[in-house]
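Participant:
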Amino acid sequence: MKKLILNLFLITGTFNVFAQDAIDYQVPPKAMSDLLLAKPTPAVSIDGKAEWALFSERNSYPSVEELAMPEYRIAGLRINPNNYSPSRQIYINNFSLKNIKTGKTIPVTGLPVPLYAGSISWSPDDKKISFTNTTQKGVDLYLIDVATQKATRINKQFLNVVLGSGVTWLDNSTLLYRVVTKPASAAPPKPLMPKGPTVQQNLGKAAPSVTYQDLIKSPYDEQLFDFFATAQLVSNKGGVETPIAKPAIYTSVIPSPDKNYLMIRTIRKPFSYLVTSGGFPSTLTITDLTGKPVKVLAELPSTEGTPSGYDNTQNVPRGFDWRDDEPATVVWAKPLDSGLIKTKVDFHDAVYALSAPFSGAGKELFKTQTRYRGTSWGDATLALVQEGLRSKQTVKVSRYNPSTGALETLYERNQTDAYSDPGSPVTTKNKYGRQVIQVLDNGTKLLMNNPTGSSDKGDLPFLAKFDLGTKKNEIIWRSTPGTYEVVSDVLDASKLVLLTRKESQKNVPNYLIKNLMLRIADQPITNFSNPYPQLEGVSKEKITYKRADGVDLTGDLYLPKGYDKAKDGLLPVLIWAYPREFNSAADAAQIRGSKDRFTTISWASPIFWVTQGYAVLDNAEMPIVARDGKKPNDTFVEQLKLNAEAAINKLSDLGVGDRNRVAVGGHSYGAFMTANLLAHTNLFKAGLARSGAYNRTLTPFGFQNEERTYWDAPQLYYEMSPFSYADKIKTPILLIHGDSDNNPGTFPINSERLFNAIKGFGGTTRFVFLPYESHSYSGKENLLHMLWEMNTWLDKYVKNTK
Numbered sequence: 140m141k142k143l144i145l146n147l148f149l150i151t152g153t154f155n156v157f158a159q160d161a162i163d164y165q166v167p168p169k170a171m172s173d174l175l176l177a178k179p180t181p182a183v184s185i186d187g188k189a190e191w192a193l194f195s196e197r198n199s200y201p202s203v204e205e206l207a208m209p210e211y212r213i214a215g216l217r218i219n220p221n222n223y224s225p226s227r228q229i230y231i232n233n234f235s236l237k238n239i240k241t242g243k244t245i246p247v248t249g250l251p252v253p254l255y256a257g258s259i260s261w262s263p264d265d266k267k268i269s270f271t272n273t274t275q276k277g278v279d280l281y282l283i284d285v286a287t288q289k290a291t292r293i294n295k296q297f298l299n300v301v302l303g304s305g306v307t308w309l310d311n312s313t314l315l316y317r318v319v320t321k322p323a324s325a326a327p328p329k330p331l332m333p334k335g336p337t338v339q340q341n342l343g344k345a346a347p348s349v350t351y352q353d354l355i356k357s358p359y360d361e362q363l364f365d366f367f368a369t370a371q372l373v374s375n376k377g378g379v380e381t382p383i384a385k386p387a388i389y390t391s392v393i394p395s396p397d398k399n400y401l402m403i404r405t406i407r408k409p410f411s412y413l414v415t416s417g418g419f420p421s422t423l424t425i426t427d428l429t430g431k432p433v434k435v436l437a438e439l440p441s442t443e444g445t446p447s448g449y450d451n452t453q454n455v456p457r458g459f460d461w462r463d464d465e466p467a468t469v470v471w472a473k474p475l476d477s478g479l480i481k482t483k484v485d486f487h488d489a490v491y492a493l494s495a496p497f498s499g500a501g502k503e504l505f506k507t508q509t510r511y512r513g514t515s516w517g518d519a520t521l522a523l524v525q526e527g528l529r530s531k532q533t534v535k536v537s538r539y540n541p542s543t544g545a546l547e548t549l550y551e552r553n554q555t556d557a558y559s560d561p562g563s564p565v566t567t568k569n570k571y572g573r574q575v576i577q578v579l580d581n582g583t584k585l586l587m588n589n590p591t592g593s594s595d596k597g598d599l600p601f602l603a604k605f606d607l608g609t610k611k612n613e614i615i616w617r618s619t620p621g622t623y624e625v626v627s628d629v630l631d632a633s634k635l636v637l638l639t640r641k642e643s644q645k646n647v648p649n650y651l652i653k654n655l656m657l658r659i660a661d662q663p664i665t666n667f668s669n670p671y672p673q674l675e676g677v678s679k680e681k682i683t684y685k686r687a688d689g690v691d692l693t694g695d696l697y698l699p700k701g702y703d704k705a706k707d708g709l710l711p712v713l714i715w716a717y718p719r720e721f722n723s724a725a726d727a728a729q730i731r732g733s734k735d736r737f738t739t740i741s742w743a744s745p746i747f748w749v750t751q752g753y754a755v756l757d758n759a760e761m762p763i764v765a766r767d768g769k770k771p772n773d774t775f776v777e778q779l780k781l782n783a784e785a786a787i788n789k790l791s792d793l794g795v796g797d798r799n800r801v802a803v804g805g806h807s808y809g810a811f812m813t814a815n816l817l818a819h820t821n822l823f824k825a826g827l828a829r830s831g832a833y834n835r836t837l838t839p840f841g842f843q844n845e846e847r848t849y850w851d852a853p854q855l856y857y858e859m860s861p862f863s864y865a866d867k868i869k870t871p872i873l874l875i876h877g878d879s880d881n882n883p884g885t886f887p888i889n890s891e892r893l894f895n896a897i898k899g900f901g902g903t904t905r906f907v908f909l910p911y912e913s914h915s916y917s918g919k920e921n922l923l924h925m926l927w928e929m930n931t932w933l934d935k936y937v938k939n940t941k
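Taking our numbering, I'd label the letters of the sequence shown as residues 140 to 941.
In structure tokens:
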């Protein structure tokens, strides 16, 4: 392997000079690296009858050398120029099948070597499983025969998965997918000299846009996108590929429930320089199965013209989908307020339908008082309509009778009020193989599954019956305190036979079959072992505490194995958090999470440091609450201080945390929080800020849950930006950023400029630029080095501080 070098930027706390160094990759203490590189527990996919389970294994992390492979960054995509696929994917490297009745696990044969699998999908009859395999030359499509446990390649031409795999089962023996039209080597060469400058213009029409990354920037980028995104749609039956329609830039192909039509969305020119491919102009067409057009549903413009502000939308049709309980009926919504939610009208959206043969205009079904979000279909007399407002964090669910047109509210709630969530309706397959609402007790009740089950005792997932007459939710099963058990699937609604995933602090998540009607023992499906034996003995507790203004807070406290506060004394502390906005203190005070969940370790976790003698407060709540008629962010910094002070006081009162040796850290918005806390308080000895945005003027049309623009509230943007107070940041801060961050708003320049500003004012800071990393890091060498940097920083400025 070629030698990999990482550039680090740093300023020391002792000398008023700075150094720019290139150093080799480092590794953290063994306990930390062992946790990071532990082999992940296999993913589990179970057929609809719970007869077979597919186990998918993967490695922990790819090497940086894999990340360094060539890629094009265009139209919001990252494309491997060699094989018509995304350049950054998480792959499966092995499959096995378990016969649930016999308990025997059988390796799948016929797999390509090496295996880089993805896009797993069961056939409608659960007898076959499709998956893609990516090589440097192209993407192939394989089928696993469940009965023989053998995989076979079925494609003749390489697949084009640049805009998603697009693999769809039409029936039990026919698959739809997209294939390449030209070899990758035929891609247009980059001109040595451009024909002229790149020009963008706007002729007096308001067109605010999000600060997307990896956009088209030149005519050459346009050529590349057109080349790599263009594909031929085909059907494959018995290994025979049949072309459907002409080559185009397909973004979605959805068969009608009766399998006689296709709803096809294709991108058309001009390509935008301001939004990603998902916002390019597109055409929505209904075709027959040969690709012959039957009806052009809509010619949709670029989303560049979407008005700013939450709940605003373009004044065009949206949300096209098939009605699941009818053979071929398409449904969509259209705004009645010209897309501007503040327009004073009785109804803001209308929903329409059009059935085969799709002649004429659509028929209006119903109107919604707020912004329409979607419909779950049941049968000719039942559907559930969801609407709401993001600006007010509200949601309303209504019962719709397709036969009469009646619309009746079932419940309304604030989405931040987790305790009031009744769950989501369980679905079942209908005669078309589509998922429709499951009803019980002669159609009078819905079966509701809440996989979170928030309560004042923490998260306790539940299954309930929702009475459509009384509009009351009756819980019929709930996870037992001391464990965390969630319903993954309802195998038989009439007999209440469930597939659940059960875990506890000590027991890794495993699947089992549970029968709520018969008093029989649960049937285990999996028996996975603990991938982190070195964490056995580490204590975990969900602690509760109050901040000075009375808002209740919680956090997950981890203490080192064998720790005895009477003997060992106070510990250095790492607090890890991510702020959230709430419209009420009551909602902010609700308990979230569960102490009974098994601790899983991802690269982003702070729990690594419990192995290094730290008390770790993970998920430390940092609510930003609307109060006194003000919006949440109007008092953002003030509330951050209250949250941080309360956490430190609690750890000190418990007699475990040394208030004079506390660090704070976070990723993305958590990094933004960290820099703000160091700029405005003296509570911490050090900060860890990964991939943050520190100058809010670089996201002028809103950020996170802030819908006001910079020009609406310039003082707010200034005061919330830690960059504005870089001269006040004297607490040592470690800045880490991926040099290929693709997240809107968190451009790497944020960390570069904050580092330079702190350095300019004599602060103590270090900037680590991780090569080839996006907003979420994945390269093994980068991750190990990241942990080393963070651990070295914490040891120097927190653990060993005087």
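We treat Cβ as the ideally placed atom computed from N, Cα and C, and that holds for glycine. If you're wondering where the values come from, they're calculated on a predicted model, not measured in any experiment.
Which partner residues of Gln574 appear in the DSSP bridge assignment?
Facilitator: Taking the first residue of the sequence shown as 1, we reach residue 574 at position 435. Per DSSP, Lys568.
Participant: For Phe811, tell me which candidate among Met761, Pro620, Leu315 and Ser791 has the shortest Cα-Cα distance.
Facilitator: Locating residue 811 in the sequence shown gives position 672, where the first residue counts as 1. If we check each option's Cα against that of Phe811, Met761 comes out closest.
Participant: Where in the region 736-822 do unbroken runs of the alpha helix (DSSP H), each at least 4 residues long, occur, reported from the N-terminal end onward?
Facilitator: DSSP runs (the alpha helix (DSSP H)) wholly in the region 736-822: 775-792 and 808-819.
Participant: Return the chain-ordered list of same chain residues with a C-beta closer than 6 Å to the C-beta of Thr931, the five sequence neighbours on each side being excluded.
Facilitator: Here residue 931 refers to the residue found at position 792 when the sequence shown is read from its first residue. Taken in chain order, the list of residues that qualify is empty.
Participant: List in chain order: all unbroken beta strand (DSSP E) runs of 3+ residues lying wholly within the region 686-742.
Facilitator: Runs found: 691-698, 710-716 and 719-721.
Participant: Excluding sequence positions up to five away, which residues of its chain have a Cβ less than 7 Å from the Cβ of Gly945?
Facilitator: Outside the shown range of the chain, which is 140 to 941, sits residue 945, and nothing can be said about it.
Participant: For a test of the three-state rule: what should DSSP assign to Gln673, helix, strand or coil?
Facilitator: Locating residue 673 in the sequence shown gives position 534, where the first residue counts as 1. Here Gln673 sits in helix by DSSP.
Participant: What beta strand (DSSP E) runs, 3 residues minimum, are completely inside the region 512-559?
Facilitator: Runs of the beta strand (DSSP E) inside the region 512-559: 521-528, 533-539 and 546-553.
Participant: At which residue ranges does the region 453-496 contain complete beta strand (DSSP E) runs of 3 or more residues, listed in the order of the chain?
Facilitator: The qualifying runs are 457-461, 468-474 and 488-494.
Participant: Compute the Euclidean distance between the alpha carbons of His924 and Ile714, then round it to the nearest angstrom.
Facilitator: The residue labelled residue 924 in the question sits at position 785 within the sequence shown. The residue labelled residue 714 in the question sits at position 575 within the sequence shown. Their backbone Cα atoms lie some 21 Å apart in a straight line.
Participant: To test your reading of the DSSP string, which unbroken alpha helix (DSSP H) runs of 4 or more residues are found completely within the region 843-922?
Facilitator: With a minimum length of 4 residues, the continuous alpha helix (DSSP H) runs that stay inside the region 843-922 are 853-859 and 888-899.
Participant: For Ile245, count the other beta carbons within 10 Å of its own beta carbon; 16 or more makes it buried, fewer makes it exposed. Which is it?
Facilitator: The residue you call residue 245 lines up with position 106 of the sequence shown. Flag for Ile245 reads exposed.
Participant: Measure how close the beta-carbons of Asp947 and Asn569 come, nearest whole angstrom, since I'm counting them as under 8 Å.
Facilitator: Outside the displayed span of the chain (140 to 941) sits residue 947, for which this structure offers no information.
Participant: So which of Lys634, Val636, Leu651 and Val469 has the shortest CA-CA distance to Glu642?
Facilitator: Here residue 642 refers to the residue found at position 503 when the sequence shown is read from its first residue. Out of Lys634, Val636, Leu651 and Val469, Leu651 has the C-alpha closest to the C-alpha of Glu642.
Participant: Check each candidate in Ile740, Phe270 and Asn758 and name the one with the smallest Cα separation from Thr750.
Facilitator: Indexing the sequence shown from 1 puts residue 750 at position 611. The shortest Cα separation from Thr750 among Ile740, Phe270 and Asn758 belongs to Ile740.
Participant: Contact between the region 580-588 and the region 396-410 is defined here as three or more beta-carbon pairs at a separation below 8 Å; is this criterion met?
Facilitator: Result no; under three Cβ-Cβ pairs closer than 8 Å.
Participant: Which residues bound the alpha helix (DSSP H) around Leu206?
Facilitator: Here residue 206 refers to the residue found at position 67 of the sequence shown. Where Leu206 is concerned, the enclosing alpha helix (DSSP H) stretches over Val203 to Leu206.
Participant: Closest to Lys289 by C-alpha separation, out of Gly708, Pro168, Asn654 and Thr248, would be which residue?
Facilitator: Position 150 of the sequence shown, counted from the start, is the residue given in the question as residue 289. Ranking Gly708, Pro168, Asn654 and Thr248 by Cα distance to Lys289 puts Thr248 first.
Participant: Going by beta carbon distance, what residues of the same chain come within less than 7 Å of Asp688, once the five residues before and after it are set aside?
Facilitator: Locating residue 688 in the sequence shown gives position 549, where the first residue counts as 1. Taken in chain order, the residues that qualify are Leu781.
Participant: Cutting at 8 Å between CB atoms, please list the residues of its own chain near Thr274, excluding the five before and the five after it.
Facilitator: Counting from 1 along the sequence shown, the entry for residue 274 is found at position 135. So the qualifying residues of the chain are Asn222, Pro251 and Tyr255.
Participant: Anyone know if the C-beta pair for Thr870 and Phe823 falls short of 9 Å?
Facilitator: If you number the sequence shown from 1, residue 870 lands on position 731. If you number the sequence shown from 1, residue 823 lands on position 684. Yes, Cβ-Cβ distance for Thr870 and Phe823 is below 9 Å.
Participant: Cβ of Ile576 within 9 Å of Cβ of Asp485?
Facilitator: Residue mapping note: residue 576 aligns to position 437 of the sequence shown, counting from 1. Residue mapping note: residue 485 aligns to position 346 of the sequence shown, counting from 1. Against a cut-off of 9 Å, the Cβ pair of Asp485 and Ile576 comes out as no contact.
Participant: Taking 6 Å as the limit between beta carbons, can you name the residues of its chain near Asp628, skipping five residues before and five after?
Facilitator: Taking the sequence shown and counting its residues from 1, the one referred to as residue 628 is at position 489. Closer than 6 Å at the Cβ level, and outside the excluded window around Asp628, lie Leu638.
Participant: Apply the 10 Å Cβ neighbour rule to Pro167 and answer buried if 16 or more other Cβ atoms are within range, or exposed otherwise.
Facilitator: Along the sequence shown, one-based indexing puts residue 167 at 28. Buried, by the Cβ-count rule.
Participant: Look at the alpha carbon of Gly794 and the alpha carbon of Ala716, and state the distance between them as a whole number of angstroms.
Facilitator: Residue mapping note: residue 794 aligns to position 655 of the sequence shown, counting from 1. Residue mapping note: residue 716 aligns to position 577 of the sequence shown, counting from 1. The straight-line gap from Cα to Cα measures roughly 21 Å.
Participant: Using only CA atoms, which one of Thr543, Asn540 and Ala603 lies nearest to Ser563?
Facilitator: To locate residue 563, count along the sequence shown from 1; it is residue 424. Out of Thr543, Asn540 and Ala603, Ala603 has the C-alpha closest to the C-alpha of Ser563.
Participant: Run through DSSP, which three-state label would Thr271 get?
Facilitator: One-based indexing of the sequence shown puts residue 271 at position 132. The answer is strand: DSSP assigns Thr271 an E or B state.
Participant: Going straight from the alpha carbon of Lys142 to that of Lys376, what length do you get?
Facilitator: Position 3 of the sequence shown, counted from the start, is the residue given in the question as residue 142. Position 237 of the sequence shown, counted from the start, is the residue given in the question as residue 376. Its pLDDT being 35, under 50, Lys142 is placed unreliably by the model, and the measurement read from it follows with that caveat. C-alpha separation (whole angstroms): 48 Å.
Participant: Less than 9 Å between the C-beta atoms of Tyr1021 and Leu363, yes or no?
Facilitator: With the chain covering only 140 through 941, there is no way to say anything about residue 1021.
Participant: Taking the alpha-carbon positions, what's the Pro358 to Ala323 distance?
Facilitator: What you label residue 358 is simply residue 219 of the sequence shown in a count that begins at 1. What you label residue 323 is simply residue 184 of the sequence shown in a count that begins at 1. One C-alpha to the other measures close to 19 Å.
Participant: Are the C-beta of Leu779 and some C-beta of chain C separated by less than 9 Å?
Facilitator: No chain C appears in the structure shown, which is made up of a single protein chain.
Participant: Quick check on DSSP: helix, strand or coil for Val156?
Facilitator: Working through the sequence shown from its first residue, we reach residue 156 at position 17. In this predicted model, Val156 has a pLDDT of only 38, less than 50, meaning its place in the structure is not dependable enough to derive any value.
Participant: Using the rule of at least 16 other Cβ atoms within 10 Å of the residue's Cβ for burial, across every protein chain shown, is Ile659 buried or exposed?
Facilitator: Counted from its first residue, the sequence shown places residue 659 at position 520. So Ile659 counts as exposed.
Participant: At a cut of 8 Å, does the region 179-198 reach the region 656-675 through at least three beta carbon pairs?
Facilitator: The region 179-198, when compared against the region 656-675, does touch it at the 8 Å Cβ threshold.
Participant: Could you spell out the range, first to last residue, of the alpha helix (DSSP H) harbouring Leu175?
Facilitator: Along the sequence shown, one-based indexing puts residue 175 at 36. That run of the alpha helix (DSSP H) goes Lys169 to Leu175.
Participant: Please classify Val937: does DSSP put it in a helix, a strand, or coil?
Facilitator: Start at 1 with the first residue of the sequence shown, and residue 937 comes out as number 798. In this structure, Val937 counts as helix in the three-state DSSP scheme.
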